[in-house]
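J.: Just so you know, the sequences run in chain order A and B. Position one of the first sequence corresponds to residue 17 (my numbering), numbered consecutively onward. Position one of the second sequence corresponds to residue 17 (my numbering), numbered consecutively onward. Note that CB positions come from ideal geometry on N, CA and C, so glycine has one too. Got a structure for you, questions after.
There are 2 protein chains.
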Amino acid sequence: MAVDTSLSERKLIILKAIIQNYLETGEPVGSRTLSKYTELNLSSATIRNEMADLEDLGYIFQPHTSAGRIPSDKGYRLYVDMLMEEKEQEITDREDAMLEKADKVEKVLQQAAKVLASNTNYATMVSAPINSRNTLKFIQLSQVDAEQIVAVIVLGGNVIKNKIIEVGETLSNENLLKLNMLLNTTLNGMSIDQITLGLIARLKEQAGIHSEVVGHVLDAVAEIIHVEDDMKIYTSGATNIFKYPELSDKQSAQEIISAFEEKQQLEDLVTETLASENNHGIQVYIGDETPVKTMKDCSVVTATYELGEGMKGTIGIIGPKRMNYEHVMKTLKTLQSELDAIYNKNPKE
Amino acid sequence: MAVDTSLSERKLIILKAIIQNYLETGEPVGSRTLSKYTELNLSSATIRNEMADLEDLGYIFQPHTSAGRIPSDKGYRLYVDMLMEEKEQEITDREDAMLEKADKVEKVLQQAAKVLASNTNYATMVSAPINSRNTLKFIQLSQVDAEQIVAVIVLGGNVIKNKIIEVGETLSNENLLKLNMLLNTTLNGMSIDQITLGLIARLKEQAGIHSEVVGHVLDAVAEIIHVEDDMKIYTSGATNIFKYPELSDKQSAQEIISAFEEKQQLEDLVTETLASENNHGIQVYIGDETPVKTMKDCSVVTATYELGEGMKGTIGIIGPKRMNYEHVMKTLKTLQSELDAIYNKNPKE
DNA sequence: TATTAGCACTCCCTTCTTTTGAGTGCTAAC
DNA sequence: GTTAGCACTCAAAAGAAGGGAGTGCTAATA
């Protein structure tokens with residue numbers, strides 16, 4: 017993303033002033049307003065000339081003739097990339113902790129979304145981390161009754177998966193014991209990715225192909241391990257978009273809120289964010305840049321957090337393009353490090 | 017709910033015509049329209065007289081002078097009551113199956129909400145059944161590593177609960193085995209309600225009070241069993257309310273959709289529905305009758321379904337007062353029996 | 001050459017007025 | 001008891017008028 021250096025210092029100042037003003041008021045910004053707002057002591061006429069240039073260059077535009085200017089996507093992009101007051105060094109003055117510890121990951125994430133929403137007044141989402149690079153810590157099959165076996169699998173970070181396996185034929189206690197031994201010795205410490213179908217096939221051989229039941233059970237185990245838990249996404253503040261007239265006409269509101277209700281599109285957003293290079297930083301999608309078409313009139317800011325063992329999740333904020341980028345990014349960073357803190361201090365709670 | 021018999025036959029016909037017409041159009045209904053709409057061949061003037069009476073009796077009202085009439089809550093109530101009496105026997109003509117089988121309860125319920133929403137064009141919710149009267153089928157503690165034990169509990173309907181228990185001190189294999197025996201023999205077949213703290217205390221004695229670890233583990237087990245899984249509620253079609261102008265101004269829309277996002281109020285609704293007497297039927301709340309104040313401008317129709325073993329859940333539809341009650345109630349009944357069918361045919365899948 | 005004052009022009013928004021039309025209530029006739 | 005007829009009401013739609021914020025352009029100024 018090369019910075020366009022063709023803009024004069026003065027144009028940059030004016031552009032910045034336009035954007036900041038527009039972020040505050042939500043109204044198109046006129047030349048007279050600017051001539052007071054900026055410290056360059058210029059008349060409105062001069063500023064008008066500069067504005068005309070900025071418009072030609074595509075950074076701002078008029079919603080209609082005889083209105084002030086508002087930033088275009090390109091303008092916002094420039095602003096986010098270089099004009100924003102960088103608070104980089106100020107991460108030290110951490111805000112008060114926002115999150116309370118809770119014993120269930122689920123609760124924490126739901127709360128994170130909520131806090132974020134009330135903190136920013138935008139719509140927010142938090143995705144639960146995905147397990148595929150997680151490792152297996154423990155596995156056990158137990159007989160529930162003659163026809164049911166329950167399989168329990170403990171992964172790193174104390175994630176537990178389980179399922180009931182229906183078996184036609186009773187498995188002897190002895191065989192079950194053997195199977196448990198075999199599974200634990202073989203699979204322990206492996207990551208989910210590593211447990212391939214080939215490996216399972218080899219296990220079947222070792223366990224004795226003669227038994228159909230065993231084969232069936234092993235297949236089921238493989239399935240449990242691999243069934244991607246569908247991505248859990250927690251949302252909050254979807255109705256915040258009603259606070260922004262540019263998003264709250266029926267059409268847009270319905271689309272955006274639907275996206276939050278159905279979650280499918282948010283999943284896409286998460287996938288995209290996790291796939292993107294810029295992984296530890298914060299990602300800003302302005303308007304059409306967004307991976308999710310429903311949000312092409314919004315800005316979307318996302319961050320990735322990590323719970324160790326390669327388990328990554330995403331935090332996202334969706335709001336109008338005239339979003340308070342500075343505040344949002346700062347808040348995201350804070351939350352990011354709080355999540356880190358919570359989960360690295362007591363990974364075993 | 018006794019039907020007000022003080023209304024003449026003719027008034028009833030007119031009222032019904034007014035309501036049906038209003039349900040279709042959403043516009044106030046005038047006397048001229050009615051004089052064509054009804055088969056009683058009456059002039060608009062006559063109908064006007066009857067309408068004036070109906071207004072005095074509180075069944076209809078004018079949004080403003082010189083407008084047609086709109087049903088009042090009382091009017092809707094009469095209509096719904098009448099409707100229910102009429103249709104009682106017609107449950108036989110089942111519609112096509114709407115639900116697909118799925119192995120996870122979660123999926124089925126989510127899908128149920130979705131189907132219902134697209135079928136009715138209202139906002140819908142389905143609450144997952146609550147387990148408190150469910151019985152314990154199987155319990156097992158297993159050593160994950162030196163400091164962790166995983167407890168797995170299988171309940172009726174194949175509901176599985178589990179948790180990792182942190183222990184300071186390693187529990188010997190032998191002791192664990194004993195404990196498992198004890199737990200299974202004692203608790204098997206009991207309902208969650210029956211497993212009291214007193215019972216746990218007695219268990220502790222039997223297991224040998226001397227061991228602190230054992231005490232700790234038993235406490236943890238009790239906790240797992242009793243921790244009320246917070247009520248899971250699946251929603252769909254919240255944005256359908258945008259289809260009804262009377263609900264889709266920003267204020268109402270925001271309130272209703274928030275209720276769907278936060279879920280708290282929906283929980284209240286479920287609680288209320290489950291507590292109500294009329295348990296196997298269908299409940300209709302019109303306007304102010306609703307247990308949830310946010311929905312005082314809506315009608316709410318709920319039904320209870322049962323998954324055996326006393327596990328009850330609720331299905332609900334939220335829409336404008338001029339809801340198509342007939343269709344909604346029919347659809348709810350169908351869904352109710354479909355849920356029954358799915359879970360009683362194959363309780364073990 | 002860069003800046004500014006001045007002015008005509010554009011177009012949105014608000015407010016006010018007018019028109020239209022659906023619907024009512026009442027009265028008098030059938 | 002029913003109906004035709006008529007005056008009246010009121011919301012919503014359609015114009016009409018004025019105000020105001022803002023622009024682009026030109027000509028004067030430093």
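What separation, rounded to the nearest whole angstrom, lies between the Cα atoms of residue 335 of chain A and residue 256 of chain A?
T.: Here residue 335 of chain A refers to the residue found at position 319 of the first sequence. Here residue 256 of chain A refers to the residue found at position 240 of the first sequence. Taking the straight line joining both Cα atoms gives about 8 Å.
J.: Measuring only from the beta carbon, is residue 253 of chain A closer than 7 Å to any heavy atom that is part of the ligand MN?
T.: What this structure holds is no ligand at all, so the ligand MN is not there to describe.
J.: Would you say residue 124 of chain B reaches chain A, if we count a Cβ-Cβ gap shorter than 8 Å as a contact?
T.: Translated into the one-based positions of the second sequence, residue 124 of chain B becomes position 108. So, not an interface residue.
J.: Relative to chain A, which residues along the stretch 21 to 49 of chain B have a C-beta separation below 7 Å, given in chain order?
T.: Listed in sequence order: no entries.
J.: What do you get for residue 222 of chain A, buried or exposed, if any count of 16 or more other CB atoms within 10 angstroms of its CB means buried?
T.: Mapped onto the first sequence, residue 222 of chain A falls at position 206. So residue 222 of chain A counts as exposed.
J.: May I ask which residues mark the beginning and end of the alpha helix (DSSP H) holding residue 198 of chain B?
T.: Counted from its first residue, the second sequence places residue 198 of chain B at position 182. Residue 198 of chain B -> alpha helix (DSSP H) spans 189 to 203.
J.: Could you confirm whether any beta carbon from chain A is found closer than 8 Å to the beta carbon of residue 251 of chain B?
T.: Here residue 251 of chain B refers to the residue found at position 235 when the second sequence is read from its first residue. Yes, residue 251 of chain B lies at the interface with chain A (some Cβ there is under 8 Å from its Cβ).
J.: Out of curiosity, what's the CA-to-CA distance linking residue 316 of chain A and residue 124 of chain A?
T.: For the purposes of this step, residue 316 of chain A is taken as the residue at position 300 of the first sequence. For the purposes of this step, residue 124 of chain A is taken as the residue at position 108 of the first sequence. Computed Cα separation, rounded: 22 Å.
J.: Between residue 185 of chain A and chain B, is any beta-carbon pair separated by less than 8 Å?
T.: As a position in the first sequence, residue 185 of chain A is number 169, starting the count at 1. No, its Cβ sits nowhere closer than 8 Å to a Cβ of chain B.
J.: Are residue 56 of chain B and residue 29 of chain B touching if we call contact CB-CB under 8 Å?
T.: As a first step, residue 56 of chain B must be located in the second sequence, where it is residue number 40. As a first step, residue 29 of chain B must be located in the second sequence, where it is residue number 13. Going by C-beta atoms, residue 56 of chain B is nearer than 8 Å to residue 29 of chain B.
J.: Quick one: measure Cβ to Cβ for residue 307 of chain B and residue 285 of chain B, integer angstroms, because I've assumed they're closer than 8 Å.
T.: Your numbering for residue 307 of chain B matches position 291 in the second sequence. Your numbering for residue 285 of chain B matches position 269 in the second sequence. Sure, about 6 Å apart at Cβ, within 8 Å.
J.: Please name the residue or residues paired with residue 59 of chain B in a DSSP beta bridge.
T.: Locating residue 59 of chain B in the second sequence gives position 43, where the first residue counts as 1. The partner list for residue 59 of chain B (beta bridge, DSSP) is empty, contrary to what the question assumes.
J.: Could you list which residues in chain A have their beta carbon closer than 9 Å to that of residue 168 of chain B, in chain order?
T.: For the purposes of this step, residue 168 of chain B is taken as the residue at position 152 of the second sequence. Near residue 168 of chain B (Cβ distances below 9 Å), the residues of chain A are 156, 158, 166, 168, 176 and 178.
J.: If you count every other CB in all the chains shown that lies within 10 Å of the CB of residue 3 of chain A, and 16 or more means buried, which is it?
T.: Given a span of 17 to 365 for chain A in the structure shown, any question on residue 3 of chain A remains unanswerable.
J.: Could you give the DSSP three-state label for residue 306 of chain A: helix, strand or coil?
T.: As a working mapping, residue 306 of chain A is identified with position 290 in the first sequence. In the structure shown, residue 306 of chain A sits in coil (DSSP, three-state: anything other than H, G, I, E or B).
J.: Use the C-beta contact count for residue 269 of chain B: other C-beta atoms within 10 angstroms, 16 or more gives buried, fewer gives exposed.
T.: For the purposes of this step, residue 269 of chain B is taken as the residue at position 253 of the second sequence. Buried is the call here.
J.: Within the chosen definition, does the stretch 199 to 214 of chain A reach the stretch 131 to 142 of chain A through at least 3 CB pairs nearer than 8 Å?
T.: No: fewer than three Cβ pairs fall under 8 Å.
J.: Report yes or no: is there a C-beta of chain B within less than 8 Å of the C-beta of residue 277 of chain A?
T.: Counting from 1 along the first sequence, the entry for residue 277 of chain A is found at position 261. Yes, residue 277 of chain A counts as interfacial toward chain B.
J.: My output table needs one value for residue 186 of chain A: the three-state DSSP class, helix, strand or coil.
T.: Position 170 of the first sequence, counted from the start, is the residue given in the question as residue 186 of chain A. Coil at residue 186 of chain A, not helix or strand.
J.: Going along chain A, which residues have a C-beta under 8 Å from residue 310 of chain B?
T.: For this step, residue 310 of chain B is matched to residue 294 along the second sequence. Here the premise fails: no neighbours, minimum Cβ distance about 12 Å.
J.: Assuming residue 351 of chain A and residue 128 of chain A make a contact with CB atoms under 8 Å, what is their CB distance in whole Å?
T.: For this step, residue 351 of chain A is matched to residue 335 along the first sequence. For this step, residue 128 of chain A is matched to residue 112 along the first sequence. Between residue 128 of chain A and residue 351 of chain A the Cβ distance is about 6 Å, and since that is below 8 Å, they are a contact.
J.: Establish whether the CB of residue 254 of chain B and some CB of chain A are separated by less than 8 Å.
T.: Numbered from 1 along the second sequence, position 238 holds the residue referred to as residue 254 of chain B. With 8 Å as the cut-off, residue 254 of chain B counts as an interface residue toward chain A.
J.: Classify residue 85 of chain B: buried if its beta carbon has 16 or more other beta carbons within 10 angstroms, exposed otherwise.
T.: Along the second sequence, one-based indexing puts residue 85 of chain B at 69. It counts as buried.
J.: Provide the residue span of the beta strand (DSSP E) that contains residue 154 of chain A, from first to last.
T.: Sequence index remark: in the first sequence, residue 154 of chain A carries index 138 (1-based). First-last of the beta strand (DSSP E) with residue 154 of chain A: 152 to 161.
J.: Residue 192 of chain B and residue 164 of chain B look like a contact to me (Cβ under 8 Å); what is the Cβ gap, rounded to whole Å?
T.: Taking the first residue of the second sequence as 1, we reach residue 192 of chain B at position 176. Taking the first residue of the second sequence as 1, we reach residue 164 of chain B at position 148. Not quite, the Cβ-Cβ distance comes to about 12 Å (not below 8 Å), so this is no contact.
J.: Let me know the secondary structure DSSP gives residue 81 of chain A once reduced to three states.
T.: What you label residue 81 of chain A is simply residue 65 of the first sequence in a count that begins at 1. Looking at residue 81 of chain A - three-state DSSP - the assignment turns out to be coil, as it is neither helix nor strand.
J.: Going by C-alpha distance, which of B:250, B:185 and B:266 is nearest residue 232 of chain B?
T.: The count along the second sequence starts at 1 and reaches residue 232 of chain B at position 216. For the residues B:250, B:185 and B:266, the minimum Cα distance to residue 232 of chain B belongs to B:185.
J.: Output, in sequence order along the chain, the residues in the stretch 137 to 155 of chain A whose CB is closer than 9 Å to any CB in chain B.
T.: Listed by position along the chain: 153 and 154.
J.: Answer with yes or no whether the minimum CB distance from residue 334 of chain A to chain B is below 8 Å.
T.: Walking along the first sequence from the start, residue 334 of chain A turns up at place 318. It does not; no Cβ of chain B falls within 8 Å.
J.: Examine chain B for any beta-carbon lying closer than 8 Å to the beta-carbon of residue 270 of chain A, and answer yes or no.
T.: The residue you call residue 270 of chain A lines up with position 254 of the first sequence. It does: the Cβ of residue 270 of chain A has a partner Cβ on chain B nearer than 8 Å.
J.: Counting only C-beta atoms, is residue 181 of chain A closer than 8 Å to chain B at any point?
T.: Locating residue 181 of chain A in the first sequence gives position 165, where the first residue counts as 1. Not one chain B Cβ lies under 8 Å of residue 181 of chain A.
J.: To the nearest angstrom, report how far apart residue 179 of chain B and residue 199 of chain A are at their CA atoms.
T.: The sequence position of residue 179 of chain B within the second sequence is 163, counting from 1. The sequence position of residue 199 of chain A within the first sequence is 183, counting from 1. Computed Cα separation, rounded: 21 Å.
J.: Between B:69, B:189 and B:240, which lies nearest to residue 152 of chain B when the distance is taken from Cα to Cα?
T.: Along the second sequence, one-based indexing puts residue 152 of chain B at 136. The candidate whose alpha carbon is nearest that of residue 152 of chain B is B:240.
J.: Please classify residue 318 of chain A: is it buried, with 16 or more other beta-carbons within 10 angstroms of its beta-carbon, or exposed?
T.: Numbered from 1 along the first sequence, position 302 holds the residue referred to as residue 318 of chain A. Counting Cβ neighbours within 10 Å, residue 318 of chain A comes out buried, since at least 16 surround it.
J.: By alpha-carbon positions, which one of B:150, B:80, B:47 and B:313 ends up nearest to residue 60 of chain B?
T.: Translated into positions along the second sequence, residue 60 of chain B becomes position 44. For the residues B:150, B:80, B:47 and B:313, the minimum Cα distance to residue 60 of chain B belongs to B:47.
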